[in-house]
Every structure is written in C-alpha cells, then in structure tokens.
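Residue numbers (the working numbering), protein chains in the order written: chain A, 33 to 451; chain B, 33 to 451.
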C-alpha cells in the first residue's frame, strides 16, 4: 500500500454503454480533487492512447461538461478492442507502457471495461510490480452484459435492462393493434450470458405487457421445441406472441443458432450465400414457414447500449460512484483491484455497497444467469430474477434538454503535448 | 348545422403512434361532458367494430385510466386497415353502418387516422346525408408520416421525429467510439413522404451529432451518386458516416430501391431468393462491396412509432386537443370535417391554432416535403425544415413510472350488449 504522487490516466475499453461516461465523470471529478494526483489524463481509445501517448488534459475541461458526461452515452474518450499479449510471449507493449508511464510520471491508472479490460489491468499491474515501478491500478467495471464475476451487477446493465423492458412493453402494445395474430421476434445482445435478454421478463412480470417467451444462451436451444413453444403461446393468446431471444443462443452441441440457421438457408439456395439479416430474421422466417402466421423480426441493435435518454438513475449514480471509489482507493494505496458492488437489503430496501476485489479474479471469468432463475420450460425467468433486476432499473437520470433534444457533453479534448 | 342528441362512437384506424391514444383521451373526456351525447362508445378495431357492433362502453372506464391514455402508445381500442368500397360499386358496408347507427342511435362519429381514414369519414358522411340520417362526423388526424393535406402537421409526427432525432444523436456518439471508419445506415419509416426521415436533420443541425446524409422519397435515388456521397462524407470525417434513409426511396423510374436491390441480389444468387433484411441491410451491403469499409445497418422498426417514453409534450397536448375539438365542433353542429392545425408565430413563438377543414380535401391526398426544403445535393434538409420541425419536438410528456417502468392505461373494455 503506497501513497504515490504523480499523474493519473483513465481509459475506456470495450463496447460502450449508456453510463460508461458517468464512471468517467466520477473518476475525473474525484481525481481533480486529489492532492497526490498532479495531472489528470484521459487516454484516447483506451490502452492504445497510452501506447501512442495520446492523452487529453482533463484539467482543461469545464466543470459543466465533466458533469454532463454523467448522462452522455458512448465512450467520450474513444474505446478500443485491443487485447494485450501474454508478457511471457511478447512484452513489447508492456515495455512501452512502462516507458510512457515513466515519461509522464503516471502513478495511477484506471481502466473501465469488462472481462478483457480487467485482464489488461491485471497484466499491466503485475508487469509494473515486477519492474519495480510503483503505480496503483484499479479497474472500473462496465458491461451491459452484466457478466463480470465477483460483483453483484455491473454499471451499464441497469440502463440497458430498462431500455429492453420499456421498449418491449411499447412493442407489446403495438403488436396487439390489429385483430390478427403476429409473432414478434426480438433479438437482444448477449453472446454468452443472457442477463440483458432476461430483462424482457421485467416487461411481463412488472410492466404487465412484455415477452411471452424468453430464450437465453444459458439453456441449449432446440428449434423444434421453439416452434412448439410459439404454437402453444399463440394458441393461448389469439395468435399473438412476443419472443425475446439472446443473439448468443446455441444448440446442444454448442453451435450458435444464428449460424445453424444461416447454413441451413444457404443449403436451400444450393449456392452457399448466407442470408443477410440476423438471428431475429432467421427465427421469424422459420416461424412463418412452420406456422404460417404473420411475423415481425426486430433487432435492438446498438440502441440498447446507447439509449441514455432511458437510463436508470440507480445505474447512472452507481457508475459515477464506481469511478469515484477507484480514485479514492488508489490514492489510499490500493492497487491491482476492481471496484465491485455488493447488494444489501435493509428492511427490504435495496442498497448498493461499493468495495474492492482482486482484479485477477474478474479477468476472463464470465458470470452467467443462474440456472435456477430460469423457469422449468426454459423460456422464462423466475421471481428471483425479477427481485434481482428490479432495483437496478429504478428512477430516471438523463441529459438536460436543449431545443427538445439532449444536451450531451462536448469535451474540448485538448491533447497533452508529447514528451 | 344540426345539434343532435344521441350516442357517439370513436374509432382508431391505420398504424398506431405514440400519441394516438392522447386523441382518444381528448375525445372521451370531452364526450363524457357533453349533454347532447347520451352514450360514449369506443369501436373495437375501427370501422370493423362498427360493422360487427363491437363497442366498448367508455362511461365504465375510470377517469384515471382515461387520463393515462394520454401517454399510452399504440391504439388502445385496436386498429384496422379496412378500406370501404366505393358505395356506387358496393354499398353493403354503408347499409350496415346506417343500420347499426340507427339501432344504437349513433349521432356522432369520430374517426382517428390518416388519408384512408379521412376517406372513410367522407364516404360515410356522404352516404348518411343522402340517406337522410343525421350524424355529425369529424375526422381526427393522426400519422407519424405527417403527410396529411391541409394541416400544418399531424399528431404523431412530433413524437416520432423526437425519437428519430434523439436516437440518431445517441447512435452517432456510439459510432465514433472505435478509431476505425464505419458507415451506419439507418432505415426510417415513410413509403412516399420523407417527413420522418427528415427529422434526422434535427440531430445534426440542433443536436450537433446526427446524420451526414439524408435521403427522402421526394428525390429520385441514384445508387452511384449514393456511393459517391458516402465516399465524400467518409473522406471528410475519418471514415465515419451516418446515413438516414426513408424506406420508400425510389429510383428515377419510380421503382423502390429496396426492390431493385433485392432483385439484383437474387440475380446474383442465380436462384430467385431475395435476401432477408430490408433496405438498410441492402444499402450497407452495397457500401461494403463498393467501398470496403465497416458497415452497420439499423432499422428503427416499430420503435419509431410506439416510443411513448420519448414523446414530445407539444405533440401529446396537441393530439389531446384535436380529440377535444372534434367533439366540441360536432356538438356545435359541424360535420364532414377534419381537425387541422394552423401554425402561428407570435413574436417568434410557436403557437398551434386548431381549426376544421372539409374532410374530402384530406382524403387520399398526400403532402410531401417541399422540394426547396431539400439541399442542393439531395441529401440534406435546409433551415426551413429545421424551423418547421423544431417546435413540434419540444418538451417531455410520458407515463408515470411504477417500479421503474411506464404505467400505461389499462382499459376495462366492457362491451356494450348487442342490440
């Protein structure tokens, strides 16, 4: 535990979310207050900005814009998908990072992202330690996928879940307008963990008008059972059915259903072209073929991860606090840790308590939806999930309106002269 | 001008919007107050509900639920796409309507919809007049397409435009996250008029981060020019470009580009299968083929017409007032009219003044975006459009939150016993 004096760098990594910039706001406003932190830098495009010495001087940003970051979606500093190599195989990136850190006297490094980003934190931390260079490193969790190990939930999840649940409620009402049956198939992000798709259950269980069938990657997906499920659901509901499905559903053998259906369609064409359109389109086409009803495939696409106008106030605030805590903890000498959330129920009221965990534990580990939170038919969520997720989507927090549109932060992004 | 005493029927028709139920709320709350109106009925699924005598007794709905309708998306009574025949060819539906109106002593008929619905109003009105049956009929405009003739704008447009502009701002920020070029192609509703796609210009001109290229059906679309436009836009902006495109863009010969591209793709397959995925997917595939950059097609799908959580307060209020005025005007003896909006600028401040117009003028006429509001390059909107649209997206009005999700109206929908 060392109290260091020097500059800090904050970087954003991986896919953006509605609240990733709220964590940036928390890191920056806190870092600017700390006496031991002599300069506050934002790395352009995550670790690539460190390697390229592209640092924004955050002290030159206005307090107002740093505050507006709380409600600005996407990664304001730019993000990156760059996985550092194993230093035993190739340590050139690490050498370069050490060189840059020395040159700018960087003694604090904060990295905001998911599994891969925590792996990056861990590897850099271990390398610097072995090199005898003192630098306190704290990871700030972020992922709409909610799949980080060791934390009750992740910043970004609550807002994306609120978008999914609210939008499915609206689509449910829209789908019942005409007096004809329709099967709506909605594709939701999540390659390996079904947390975000599970939020469709909030629309039904809490909102009263949501998805009838919900399929997560945690349960092997069977095409015949799917058609039977849809037949049963439509029979019970005048031919209407809303299906929510994770992009990452797989069959028993572990093959992605999206790829299985694309291959089957290519075979039909005798040609090898796979169809455009994703999983929702393929499943809807299958329903049309097997059942013959009207279908409507819908993809929530990038909207589900950037809909800051529908952010959860709980999520925005927790993301901000995660950033603040990272800075405070590092200044108190903590390193090689990730900020984690613990849930406490005080007289039944949700409270999020922030803490720290060894970052190595989070690196490259995925947390999936517990099997016993999935209903026996494999196409729904139990009340345990509803109780888990509901506190995370509470309240509203969004950018002020200017001329009827959100006023997002506009950072000056003044580059630090290269040394 | 006759002051009639009897029951009223209100029906919803065509595609829903975020505020169509706000007009229903205006009609119902006003009709329940009127002494000359002896019963207030809601027709299930529009004119089909009249033909089938499926009427909901609105007097049995609670005041609170009727108020919540203001912020509940979709058509609460159910909608229909049913075009009445020309009575000279087949008057059986009209005979049946007259029979039902007589049986229930229906003396007021309010119909909420677009061009076709105004045609329905007009035909019924003319038939009843010729039959000597007194009934005051007023059309209430509604369409996210904003293409109704004779009114400055239509209820539903402002909210859909606000969704389009806000969401494109968020997607613009999301698209700039990685330090690589990407062309995002966003498909927006509008088969013949480009009003809704034009709202993408609000994101750029007002929000500061919107679409770079905007294509409306009003301008013939040329695939080669499109690729040139994208090349130029990406060259000026680090390979990044946001394209907003109406689903209804057509080539010089009037053929839908979506169909042209689907046919071209089918030819390539030597087989005749058209690709799944709509216009956005096809245009994105073309950009990828011709320019070789990363692409991302996005469809706003049904979300753009049902996103009540992002409704414009101006739109919600005007839709409500349109419903109110229809009832008041009918009770004062007006008939065969449609409610229209006139825009007044009082010291530069927008004011919407409601009035009436002969419904025949609105029937089957489409109002398109004026050619001189489209920029010379055919891929943008002038400041005249911005000044026109901006007042329509102001303010927020949405359902109260319960457990973090919208509390939409839940009508009891008690059917009137058939006579």
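Even glycine gets a Cβ: it sits at the ideal position worked out from N, Cα and C.
Between the CA atoms of residue j and residue i - distance to the nearest angstrom
i, j, result
"residue 182 (chain A)", "residue 387 (chain A)", "10 Å"
"residue 241 (chain B)", "residue 154 (chain B)", "44 Å"
"residue 287 (chain B)", "residue 398 (chain B)", "19 Å"
"residue 176 (chain B)", "residue 237 (chain B)", "21 Å"
"residue 373 (chain A)", "residue 361 (chain A)", "14 Å"
"residue 114 (chain B)", "residue 80 (chain B)", "8 Å"
"residue 186 (chain A)", "residue 174 (chain A)", "6 Å"
"residue 147 (chain B)", "residue 90 (chain B)", "26 Å"
"residue 145 (chain A)", "residue 248 (chain B)", "39 Å"
"residue 168 (chain B)", "residue 319 (chain B)", "54 Å"
"residue 396 (chain A)", "residue 270 (chain A)", "45 Å"
"residue 151 (chain A)", "residue 426 (chain A)", "31 Å"
"residue 453 (chain A)", "residue 400 (chain A)", "In the structure as shown, chain A begins at 33 and stops at 451. Residue 453 (chain A) is therefore absent and cannot be evaluated."
"residue 195 (chain B)", "residue 202 (chain B)", "11 Å"
"residue 19 (chain B)", "residue 204 (chain A)", "In the structure as shown, chain B begins at 33 and stops at 451. Residue 19 (chain B) is therefore absent and cannot be evaluated."
"residue 64 (chain A)", "residue 232 (chain A)", "40 Å"
"residue 212 (chain B)", "residue 312 (chain B)", "20 Å"
"residue 285 (chain A)", "residue 382 (chain A)", "39 Å"
"residue 347 (chain A)", "residue 119 (chain A)", "35 Å"
"residue 392 (chain B)", "residue 293 (chain A)", "50 Å"
"residue 278 (chain B)", "residue 289 (chain B)", "10 Å"
"residue 138 (chain A)", "residue 276 (chain B)", "43 Å"
"residue 107 (chain B)", "residue 69 (chain B)", "23 Å"
"residue 125 (chain B)", "residue 158 (chain B)", "14 Å"
"residue 77 (chain A)", "residue 84 (chain A)", "10 Å"
"residue 302 (chain A)", "residue 295 (chain A)", "Residue placement at residue 302 (chain A) cannot be trusted, given a pLDDT of 46 that sits under 50; what the coordinates show is reported in the next sentence. When rounded, the distance between both Cα atoms is 11 Å."
"residue 450 (chain B)", "residue 421 (chain B)", "45 Å"
"residue 419 (chain B)", "residue 102 (chain A)", "30 Å"
"residue 105 (chain A)", "residue 198 (chain B)", "12 Å"
"residue 379 (chain B)", "residue 390 (chain B)", "30 Å"
"residue 394 (chain A)", "residue 227 (chain A)", "17 Å"
Pick from the options that is closest to residue i, judged by C-alpha positions
i, options, result
"residue 193 (chain B)", "B:314, B:230, B:205, B:180", "B:230"
"residue 50 (chain A)", "A:359, A:344, A:406, A:153", "A:344"
"residue 315 (chain B)", "B:62, B:336, B:337, B:261", "B:261"
"residue 352 (chain A)", "A:62, A:45, A:440", "A:62"
"residue 98 (chain B)", "B:53, B:86, B:243", "B:53"
"residue 432 (chain A)", "A:451, A:448, A:341, A:171", "A:341"
"residue 214 (chain A)", "A:327, A:401, A:171, A:334", "A:327"
"residue 408 (chain B)", "B:202, B:132, B:246", "B:246"
"residue 191 (chain A)", "A:234, A:217, A:208", "A:234"
"residue 428 (chain B)", "B:166, B:289, B:349", "B:349"
"residue 161 (chain B)", "B:184, B:180, B:129", "B:129"
"residue 355 (chain A)", "A:403, A:142, A:296", "A:142"
"residue 66 (chain B)", "B:206, B:112, B:357, B:55", "B:357"
Under 8 Å between C-beta atoms of residue i and residue j
i, j, result
"residue 36 (chain A)", "residue 75 (chain A)", "no"
"residue 72 (chain B)", "residue 40 (chain B)", "yes"
"residue 149 (chain A)", "residue 46 (chain A)", "yes"
"residue 93 (chain A)", "residue 444 (chain A)", "yes"
"residue 336 (chain A)", "residue 221 (chain A)", "yes"
"residue 333 (chain A)", "residue 330 (chain B)", "yes"
"residue 283 (chain A)", "residue 254 (chain A)", "yes"
"residue 219 (chain A)", "residue 310 (chain A)", "yes"
"residue 200 (chain B)", "residue 243 (chain B)", "yes"
"residue 136 (chain A)", "residue 446 (chain A)", "no"
"residue 272 (chain A)", "residue 323 (chain A)", "no"
Residue i CB to nearest heavy atom of the ligand SAM below 7 Å
i, result
"residue 36 (chain A)", "Here there are no bound small molecules, and the ligand SAM is not part of this structure."
Start and end residues, alpha helix (DSSP H) containing residue i
i, result
"residue 359 (chain A)", "345-363"
"residue 261 (chain B)", "255-267"
"residue 160 (chain A)", "147-162"
"residue 95 (chain A)", "95-100"
"residue 125 (chain A)", "124-135"
"residue 279 (chain B)", "Counting along the chain, residue 279 (chain B) falls outside any alpha helix (DSSP H), and DSSP gives it neither H nor E."
"residue 446 (chain B)", "From DSSP, residue 446 (chain B) is part of no alpha helix (DSSP H); its letter is neither H nor E."
"residue 322 (chain B)", "311-323"
"residue 88 (chain B)", "It is not in any alpha helix (DSSP H) - residue 88 (chain B) instead sits in the beta strand (DSSP E) that spans 87-89."
For residue i, the first and last residue of its enclosing beta strand (DSSP E)
i, result
"residue 81 (chain B)", "Premise fails: residue 81 (chain B) lies in the alpha helix (DSSP H), 79-83, not in any beta strand (DSSP E)."
"residue 383 (chain A)", "381-390"
"residue 376 (chain A)", "369-378"
Item to check | Unbroken stretches of the alpha helix (DSSP H), 4 residues or longer, contained in the segment 165-244 of chain A | outcome: Scanning the segment 165-244 of chain A from its first residue to its last, the whole alpha helix (DSSP H) runs of 4-plus residues come out as 189-207, 227-230, 232-237.
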